[in-house]
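Q: Structure incoming, see below.
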Amino acid sequence: TPVACNASTDLTAPHDEKSFRLIVARLEEPSLPPLYMRIGGDRQSLEDDLRLRDQATMVRLLVILLLAPVGGYILALRATRPIAKIIAAAARLEPSRLHERLPIRGTGDELDQLSDTINGLLDRIASYIDRNREFVANAAHELRSPLAAIRSSVEVALNRQRSPEEYGTLLGEVMEECQYLSNLVNRLLILAEADAGRLGARAPTVRLDKIVRESLDMFEAVAELRRVRLQSGPLPEALVPGDEFHLRQVVRNLLDNAIKFSAAEGGTVNVQLRVDAAQRGAVLTIQDQGVGIAPEDLPYIFNRFFRGDKVRQRQPGRHSSGLGLSICQTIVRALGGSIAVTSKLEQGATFAVALPLVVEPPIRTLP
Ligand code: ADP
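Counting from 1, position 282 in the sequence shown corresponds to residue 283 in the working numbering; the numbering is continuous, with no gaps.
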């Protein structure tokens with residue numbers, strides 16, 4: 002039966018002065034006259050119950066208030082323990098011991114992701130430091146041999162009186178080593194510049210065709226000496242980013258290699274420069290008919306200090322640092338281009354340098 006309304010009243014029994022609390026509820030039933038239900042109880046016992054309930058609530062509240070900080074502390078400790086481990090592991094890291102990694106708990110939560118990110122960063126830093134160490138060790142090794150050669154020439158010159166011709170020869174050797182040393186130091190500086198991200202930044206523009214022409218003229222005599230024919234197609238105007246010094250290095254290194262690795266009986270070195278205005282690119286190819294590159298060496302020839310063993314055996318000579326191609330690649334990449342090689346052993350090699358063309362803004366004529 003639906004209850005229509007209710008209200009509570011307090012009553013006092015006349016005979017024993019006891020107080021009661023009553024609740025009146027009206028029960029509505031359409032077929033019946035209005036019905037009222039009255040439920041009540043002794044006020045004293047009701048108040049005792051309420052007091053008891055209040056006391057129990059107070060005790061619970063007190064327990065909660067006391068336990069909350071302890072629980073919070075335990076929870077915070079559990080949550081921060083992995084962070085403490087990360088901090089401890091990070092504090093142990095040193096440049097000499099960069100191979101330690103932060104623990105991954107496998108929960109996949111944000112802390113695991115943080116550790117994973119930091120580990121990735123450490124991997125990159127460690128490999129960067131390793132590469133730098135290797136670079137410094139290799140550079141020192143390369144610098145040592147011309148220095149030793151200079152020292153031995155000077156020692157020979159000093160150990161007794163010699164004829165003017167002998168002094169001339171020894172000084173010539175010293176001069177040659179000095180030239181190699183200065184070339185080597187220049188190459189190392191270019192690589193250091195590239196590592197510092199300074200190569201190619203705000204590069205000016207330069208005419209690649211002019212640099213190719215000038216380099217071909219420069220190598221004419223050397224090529225003749227080695228019975229190599231230097232051949233070139235038309236050299237169309239190609240304005241590319243870069244400065245003369247760096248692009249000269251690229252063209253000269255490639256020409257130098259092409260002549261140096263030409264077969265003993267000579268051959269032809271073919272130089273082509275193509276300009277694709279639609280693609281906004283210039284491609285310089287230098288093709289030789291030399292000893293070629295072994296397939297197992299191909300993936301490494303752009304690495305710093307790499308010298309092909311097979312070729313080295315055939316081309317003995319101290320003046321090879323294995324830096325030329327890595328410098329070419331570093332410069333070309335810094336200018337937004339690429340360098341590729343194709344080669345077959347005993348048949349020669351072709352190097353192709355692709356560079357973006359710089360489009361000059363049209364000259365505005367005054368109305
Ligand atoms: P380097 O500065 O000593 O000349 P590079 O970096 O220019 O060294 O060349 C690295 C290696 O690549 C060489 O030792 C040689 O094995 C190989 N190489 C480069 N150019 C040619 C080429 N035109 N023909 C055959 N091998 C080449």
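Glycine included, every Cβ here is placed at the ideal spot set by N, Cα and C.
Taking just the CA atoms, how far does H320 sit from L189?
A: So the two alpha carbons sit approximately 15 Å from each other.
Q: By the three-class DSSP mapping on this structure, what secondary structure does V223 have?
A: Three-state DSSP puts V223 in a helix.
Q: Please list the segments of the alpha helix (DSSP H) lying wholly inside the stretch 202-273, counting only runs of 4 or more residues, in order along the chain.
A: Fully enclosed alpha helix (DSSP H) runs of 4 or longer: 209-226 and 245-261.
Q: Using CA atoms only, rank isn't needed, just tell me which of E215, N271 and A295 is closest to Q288.
A: Considering only alpha carbons, the answer is N271.
Q: Here's the rule I'm using: 16 or more other beta-carbon atoms within 10 Å means buried, otherwise exposed. How should V60 be labelled?
A: Exposed.
Q: Going straight from the alpha carbon of R98 to that of E135, what length do you get?
A: C-alpha separation (whole angstroms): 16 Å.
Q: What does the alpha-carbon distance come out to for the pair K261 and A224?
A: In a straight line, the C-alpha of K261 is about 9 Å away from that of A224.
Q: With distance defined between alpha-carbon atoms, name the residue in S263, I24, F303 and C329 nearest to G293.
A: Minimum Cα distance to G293 is reached at S263.
Q: What are the boundary residues of the alpha helix (DSSP H) that includes R93?
A: Residues R44 to R93.
Q: Exposed or buried, R39, counting other C-beta atoms within 10 Å across all chains shown (16 or more means buried)?
A: Exposed: under 16 other Cβ atoms inside 10 Å.
Q: So, with DSSP's three-state summary, where would you put R163?
A: Coil at R163, not helix or strand.
Q: Closer than 8 Å by C-beta to F21: which residues in its own chain qualify, once you throw out the five before and the five after it? Chain order, please.
A: Counting only Cβ-Cβ distances below 8 Å, and skipping sequence neighbours, we find D11, L12, T13, A14, G41, G42, D43 and R44.
Q: Do you know how far the Cα of A92 is from the Cα of Y74?
A: Approximately 25 Å, taken between the alpha carbons.
Q: Can you list, in chain order, the residues of its chain with a C-beta nearer than 6 Å to that of R275? Leave out the 5 residues immediately preceding and following it.
A: For R275, where only same-chain residues beyond five positions count, the Cβ hits under 6 Å are V284.
Q: May I have the straight-line CA-CA distance separating L231 from G268, to the nearest angstrom?
A: So the two alpha carbons sit approximately 9 Å from each other.
Q: Would you list the one or two residues that DSSP bridges to P357?
A: Looking at the DSSP assignment, P357 forms a beta bridge with G282.
Q: From which residue to which residue does the beta strand (DSSP E) around S97 run?
A: S97 -> no beta strand (DSSP E), and no H or E assigned at all.
Q: I want to know whether the stretch 167-178 touches the stretch 141-153 - three or more CB-CB distances under 8 Å.
A: In short, these stretches touch, since the Cβ pair count reaches three.
Q: For S154, does the three-state DSSP call read helix, strand or coil?
A: Three-state result, S154: helix.
Q: Determine the burial state of P83: buried for a count of at least 16 other Cβ atoms within 10 Å of its Cβ, exposed for fewer.
A: By the neighbour-count rule (16 or more Cβ atoms within 10 Å), P83 is buried.
Q: Any idea which residues DSSP pairs F352 with across the strands?
A: According to DSSP, F352 bridges with I287 and V342.
Q: Relative to the ligand ADP, is the shortest distance from any of its heavy atoms to the C-beta of F262 smaller than 7 Å?
A: For the ligand ADP, at least one heavy atom lies less than 7 Å from the Cβ of F262.
Q: Using a Cβ-Cβ distance under 8 Å, would R227 count as near chain B?
A: Within the model displayed, chain B is absent; a lone protein chain is all it includes.
Q: I need the boundaries of the beta strand (DSSP E) containing R334, first residue and last residue.
A: Where R334 is concerned, there is no enclosing beta strand (DSSP E), although the alpha helix (DSSP H) it sits in stretches over G325 to A335.
Q: Helix, strand or coil: how does DSSP classify V312 here?
A: In this prediction, V312 has a pLDDT of 49, which is less than 50 and means its spatial position is unreliable; what the coordinates show is noted afterwards. Reduced to three states, the DSSP call for V312 is helix.
Q: Contact defined as beta carbons within less than 8 Å: I believe G243 pairs with V207. What is the distance between those atoms, to the nearest angstrom?
A: About 5 Å separates the two Cβ atoms, so the contact holds.
Q: When the Cα of L123 is compared with those of A141, D110, T108 and P96, which residue comes out closest?
A: Nearest of A141, D110, T108 and P96 to L123, Cα basis: P96.
Q: Would you kindly check if the distance between the Cβ of L299 and the Cβ of S327 is under 8 Å?
A: No, they are not a contact pair.
Q: Taking 7 Å as the line, does the beta carbon of L326 fall inside it for any heavy atom of the ligand ADP?
A: True, at least one ligand heavy atom lies under 7 Å from that Cβ.
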